[in-house]
Amino acid sequence: MEEKYILNDKSIIINFSESYCKTESEVLSSEAFARVWEGYLKHLNRTKNESLIGLIKIARNPVKSYINMFKFLLSFSIKEVMEMSDAYKKILLQHENLYALVENFYDYWRHLERYGLMRSEANRNSLESLSFIEANEEFNALILKVYRSISQKVQGTNFHIYRQLAAGINASLSICDNNWTKDYPMYQNLSGLPFIDSVLIKPTFISYSKRNTRTGTYFETEQNELKDLSFDVNDWYCYPAHVGASLAYVYFHRDYMSHGIALSNLFEFVHMEEINGKKPDLIYIFGAPVEGKSRYYYDKENDIYIGLAPYGEEIDYFGYMKKMLLTLHNVKQIKHGFLPIHGACQNITLKNGKKKTVVLIGDSGAGKSESLEALRMVAGKNIVSMQTVFDDMGTFKIENGKVLAYGTETGAFVRLDDLENGYAYKEMDRAIFLNPDKVNSRIVLPVSTYPQIMKGYEVDMVFYANNYSEDKEVVHLFDNEHEAIECFKAGARVAKGTTSEKGLVTSYFANPFGPTQNQELCNPLLDEYFACLFKNHKPVGEIHTRLAIPGLEHEGPHNVAKYLFKVLDTNEKLK
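Structure, rendered in structure tokens:
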């Protein structure tokens, strides 16, 4: 049987299909409310707020007594409730402290990450005929009503300013079954784990994780550990995603719910009618019951790439969710003769009718996305559109003698500090904010559609993003593919705090997510693809973003943007 709710210090998951409150009294009488109130009392004791703690101590049984008092306040006047017991009278006479307590508890509730869960069949008696969206909206309205009823009763006056906050849930999942494992006995242990059918997010969605940087890469193992693992159906959810051309089933443990929700802003969601009973190309178990480091395995028999991230605080960062998926995708692409690109790519249409596809390559923090976003600001109305093909990871394919660019993600996972001032606020209704007050704070926001990133764009110019050179030259062009490959393969950059690395570091082809692990396969691909670029007389060079130079974090990308716009707008020859 599925659980009615799951509560910890950070979050609560409410199963609407098992328990759905329709009235204020039902909310206050629910087991979930009692457990949240208990959690609040423990939190209150840790804060050492003596005035509120003193108020709580008036009642012999603070959990039962206060919940009963709140229920009485829904139906009776303050005077009538005071006459019910001496404890209620003492509490209600301190109406200012009680009002502060109610507000403090409401804030505590709203600081929990609150998730709803609903079976897509919607055939449970407790839910009756409410739809997925209606259930969430009505629950939100009900929680607001409970808060306002009690708060106004204690205050003695009605509110005159009403804020329609997301007081119910932050996000909700509609789940269903996908019995894809029936023809693959090796993976029967995944049978019954629910698939996500729909996602509802109430903006602004803010999440905090135990980690705010990523460290290390992933290694390939020779053993398929997944087939021997056991999973509790109440602990796991699967997000079906398109990662580039690959179909991925991302199974995540409920303790990483916020990372699973954030996937909806980054990777294209795949509808159940497309995948019912279908084998995936990639499987990722995020929070796997294994020890050691994150790793991956290729199941050659079934042609499935499998990633495992062991359960623990060490993986509690969205970057770990994202990068393994990209690693699995990239390894698959390399083995099919395609070249994974760690960079940013924009297909730009100018007001004068010109169209160009620009690719900037570099590891995390090199200034790729920042330079292209600065180009949007610099060009202003002179740009009709900037279509994001990829913001972090893409793929080059040679078709009809030309290099074409394809994307992997429909969203972007971007550092807040490196965005233009005010940009995040313009996008806050759609963005998911991760650790917004921490170092390396991030947002995840949708930037493209799946058909757009999979269209295939002929590459017009390719640059390596150098974030550390103080050379005043904005761009340096390479004369031949050998010189270019030497620079791109070195993958040098100064770490920007996006990972645990520090100082000047290097990574093979600036891409530790697939190419580094498969250098023997990747080397001939580099020769082939760069030779094709030079054969077609496409400019290949190095730009100096200066993103890692203190004081030039915005000026550097801005100068790159001005240079690129001049070239794009005037068709001036690169030099």
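When the letters of the sequence shown are read in order and numbered with my numbering, they come out as residues 979 to 1553.
Glycine included, C-beta positions come from ideal geometry on N, C-alpha and C.
Exposure label - residue i; buried when at least 16 CB within 10 Å
i, result
"Thr1386", "buried"
"Asn1103", "Summary for Asn1103: the model assigns pLDDT 41, below 50, so the residue's position carries little reliability; its value from the coordinates is reported in the next sentence. Its Cβ having fewer than 16 others within 10 Å, Asn1103 is exposed."
"Asp1294", "buried"
"Leu1105", "In this predicted model, Leu1105 has a pLDDT of only 48, less than 50, meaning its place in the structure is not dependable; the value taken from the coordinates is given anyway. Counting Cβ neighbours within 10 Å, Leu1105 comes out buried, since at least 16 surround it."
"Gly1131", "According to the sequence shown, residue 1131 is Lys rather than Gly. Buried, since its Cβ has 16 or more Cβ neighbours within 10 Å."
"Thr1484", "exposed"
"Ser1119", "According to the sequence as given, residue 1119 is Ala; it is not Ser. With fewer than 16 other Cβ atoms within 10 Å, it is exposed."
"Thr1548", "exposed"
"Glu1533", "exposed"
"Val1211", "exposed"
"Tyr1140", "exposed"
"Lys1346", "buried"
"Asn1537", "buried"
"Asn1308", "buried"
"Phe1316", "buried"
"Asp987", "exposed"
"Glu1002", "buried"
"Phe1411", "buried"
"Asn1101", "Residue placement at Asn1101 cannot be trusted, given a pLDDT of 40 that sits under 50; what the coordinates show is reported in the next sentence. Burial call: exposed."
"Lys1359", "exposed"
Residues that DSSP places opposite residue i in a beta bridge
i, result
"Arg1420", "Arg1393 and Leu1412"
"His1454", "Glu1520"
"Phe1264", "Phe1230 and Ala1287"
"Asp1277", "Ile1282"
"Gly958", "The question about residue 958 has no answer, for the chain in this structure spans 979 to 1553."
"Glu1198", "Tyr1274"
"Ile992", "Tyr983 and Gly1094"
"Trp1214", "His1231"
"Phe1466", "Phe1466 is not bridged to any residue."
"Ser1224", "Val1221"
"Tyr1442", "Ile1339 and Glu1520"
The alpha helix (DSSP H) enclosing residue i, as first and last residue numbers
i, result
"His1073", "His1073 to His1089"
"Leu1122", "Phe1110 to Gln1133"
"Pro1429", "Tyr1428 to Ile1431"
"Lys1333", "Note, Lys1333: premise wrong, no alpha helix (DSSP H); beta strand (DSSP E) at Lys1333 to Ile1339."
"Phe1508", "Gln1497 to Lys1513"
"Tyr1044", "Pro1040 to Ser1053"
"Val1059", "Ile1056 to Met1060"
"Ser1447", "Counting along the chain, Ser1447 falls outside any alpha helix (DSSP H), and DSSP gives it neither H nor E."
Residue i, enclosing beta strand (DSSP E) - first and last residue
i, result
"Ser1176", "Phe1173 to Ile1179"
"Phe1245", "First-last for Phe1245: undefined, no H or E at that position."
"Arg1024", "Where Arg1024 is concerned, there is no enclosing beta strand (DSSP E), although the alpha helix (DSSP H) it sits in stretches over Glu1009 to Thr1025."
"Phe1368", "Ile1361 to Phe1368"
"Ala1383", "Lys1380 to Gly1385"
"Thr1484", "Leu1482 to Thr1484"
"Ala1470", "Ala1470 to Val1472"
"Ser1150", "Ala1149 to Cys1154"
"Ser997", "That residue, Ser997, is in no beta strand (DSSP E); it is neither H nor E in DSSP."
"Ile1184", "Phe1183 to Ser1185"
Cβ distance (whole Å) where residue i is taken to contact residue j below 8 Å
i, j, result
"Asp1015", "Ile1045", "Here residue 1015 turns out to be Trp, not Asp, going by the sequence shown. Yes, Trp1015 and Ile1045 are in contact; Cβ-Cβ is about 6 Å, under 8 Å."
"Thr1305", "Tyr1196", "5 Å"
"Ser1224", "Leu1260", "5 Å"
"Tyr1486", "Gly1469", "6 Å"
"Ala1473", "Glu1479", "4 Å"
"Thr1373", "Pro1318", "6 Å"
"Gly1340", "Arg1471", "6 Å"
"Ala1226", "Leu1303", "6 Å"
"Arg1097", "Ile1153", "6 Å"
"Ala1287", "Ala1539", "That belief does not hold up - the Cβ atoms of Ala1287 and Ala1539 are roughly 36 Å apart, past 8 Å."
"Phe1441", "Gly1331", "The pair is not a contact, with the Cβ atoms about 24 Å apart (cut-off 8 Å)."
"Gly1434", "Glu1377", "7 Å"
"Gly1285", "Tyr1298", "Not really, about 10 Å apart at Cβ, beyond 8 Å."
Three-state secondary structure assigned by DSSP to residue i
i, result
"Gly1519", "strand"
"Ile1312", "helix"
"Lys1375", "strand"
"Ser1003", "helix"
"Tyr1559", "Missing from the structure shown is residue 1559; the chain here goes from 979 to 1553 and no further."
"Val1437", "coil"
"Met1406", "coil"
"Ser1107", "Model confidence at Ser1107 stands at a pLDDT of 40, short of 50, so the residue's coordinates are unreliable and nothing is read from them."
"His1237", "helix"
"Asn1101", "Confidence in Asn1101 is poor, its pLDDT being 40 and thus under 50, which makes the residue's placement too unreliable to answer from."
"Ala1539", "helix"
"Ile1139", "coil"
"Arg1354", "helix"
"Asn1190", "coil"
"Leu1328", "strand"
"Tyr1162", "coil"
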